[in-house]
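Engineer:
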Amino acid sequence: MTSLLHPRVEAVIVEAGIAVRELACDPDFADTAAFMEKYGFTSEQSANTILVASKKVEPAKYAVCVVLASTKLDVNKKVRELLGVRKASFADGDTTVQLTDMQIGGVTAIGIADLPIYVDSAVMEQPEVVMGGGNRTSKVVIAPSELLKLPNVEVVKELAKLV
């Protein structure tokens, strides 16, 4: 069977023995709000993967953050402290694509090996979450505990705040 997922995402899943369920996704509905509405997932079931970049630091520092769609990433305090920088913000789309080799609307922590991955503790409290598949045509449903099989993962309390 051919995988729907980005090839690197699929390779990491196989190599690390991560259990996922693949979902096909209409690329026009890959962004979180549209995906949830079309496919019937709630914001507590949807996990967003966000690339954060330091500002005014050379070379720049980056981190991958996984938070529930029902929350807002605490970039200005928590992520900034984790990166050890004075300023941080969401990485722009071009940088995200360049560093992850994934499409916006499908970025996932699975397959990103060279950056720290911070997972909000609220994600870990869910029985399963839906995440990007590395492209706009797939998603994965995963038990959050499976993310701990990835390198560089750290679960962080209050990485995000309720919206």
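With the numbering used here applied, the sequence shown covers 972 to 1134.
Heads up, the beta-carbon is just placed ideally off N, CA and C, and yes, glycines get one too.
(1) Give the range of the beta strand (DSSP E) segment to which Ile984 is assigned.
(2) Could you pull the start and end residues of the alpha helix (DSSP H) that Phe1006 belongs to?
(3) Mind checking Asn1019: buried by the 16 CB within 10 Å criterion, or exposed?
(4) Looking only at its own chain, which residues have a Cβ that is under 6 Å from the Cβ of Arg1057, when we skip the five neighbours before and after it?
(5) Can you look up Thr1079 in the DSSP assignment and give me helix, strand or coil?
(6) In this structure, does DSSP put Lys1028 in helix, strand or coil?
(7) Just grab the DSSP bridge partners of Met1102 for me.
(8) Are the segment 1048-1064 and the segment 1000-1012 touching, with three or more C-beta to C-beta distances below 8 Å?
(9) Quick one, are the C-beta atoms of Val1090 and Val1127 less than 9 Å apart?
(10) Tell me whether Leu1086 sits in a helix, a strand or coil according to DSSP, three-state version.
(11) Ser1017 and Val1101 look like a contact to me (Cβ under 8 Å); what is the Cβ gap, rounded to whole Å?
(12) Could you please give me the residues that DSSP links to Ser1017 through a beta bridge?
(13) Is Leu1121 helix, strand or coil by DSSP?
(14) Which of the three DSSP states is assigned to Val1056 in this structure?
(15) Tell me whether Lys1132 sits in a helix, a strand or coil according to DSSP, three-state version.
(16) Alpha carbons only, please: which of Leu1119, Tyr1033, Ala987 is nearest the one belonging to Phe1061?
Structural biologist: To lay it out plainly:
(1) Stepping through the sequence shown from its first residue, residue 984 is reached at position 13. From DSSP, Ile984 is part of no beta strand (DSSP E) but of the alpha helix (DSSP H) over 978-987.
(2) Locating residue 1006 in the sequence shown gives position 35, where the first residue counts as 1. Looking at the DSSP string, the run of the alpha helix (DSSP H) that includes Phe1006 is 1003-1010.
(3) The sequence position of residue 1019 within the sequence shown is 48, counting from 1. By the Cβ neighbour-count rule, Asn1019 is buried, with 16 or more other Cβ atoms within 10 Å of its own.
(4) In the sequence shown, residue 1057 corresponds to position 86, counting from 1. Contacts found: none.
(5) On the sequence shown, residue 1079 is found 108 positions in, with the first residue counted as 1. Coil at Thr1079, not helix or strand.
(6) In the sequence shown, residue 1028 corresponds to position 57, counting from 1. In the sequence as displayed, the identity of residue 1028 is Val instead of Lys. Looking at Val1028 - three-state DSSP - the assignment turns out to be coil, as it is neither helix nor strand.
(7) Along the sequence shown, one-based indexing puts residue 1102 at 131. Partner residues in the beta bridge of Met1102, as assigned by DSSP, are Val1111.
(8) Output reads no: the segment 1000-1012 does not touch the segment 1048-1064.
(9) For this step, residue 1090 is matched to residue 119 along the sequence shown. For this step, residue 1127 is matched to residue 156 along the sequence shown. One thing to note: Val1090 has its Cβ within 9 Å of the Cβ of Val1127.
(10) Indexing the sequence shown from 1 puts residue 1086 at position 115. In the three-state scheme derived from DSSP, where H, G and I count as helix and E and B as strand, Leu1086 is classed as coil.
(11) Position 46 of the sequence shown, counting from 1, holds the residue named residue 1017. Position 130 of the sequence shown, counting from 1, holds the residue named residue 1101. Right, their Cβ atoms sit about 5 Å apart.
(12) For this step, residue 1017 is matched to residue 46 along the sequence shown. Beta-bridge partners assigned by DSSP to Ser1017: Val1101.
(13) Against the sequence shown, residue 1121 aligns to sequence position 150. It is coil, neither helix nor strand.
(14) Here residue 1056 refers to the residue found at position 85 when the sequence shown is read from its first residue. Note: Val1056 maps to coil in three-state DSSP.
(15) If you number the sequence shown from 1, residue 1132 lands on position 161. Residue state, collapsed to three classes: strand.
(16) In the sequence shown, the residue the question calls residue 1061 occupies position 90. When only C-alpha atoms are compared, the closest one is Tyr1033.
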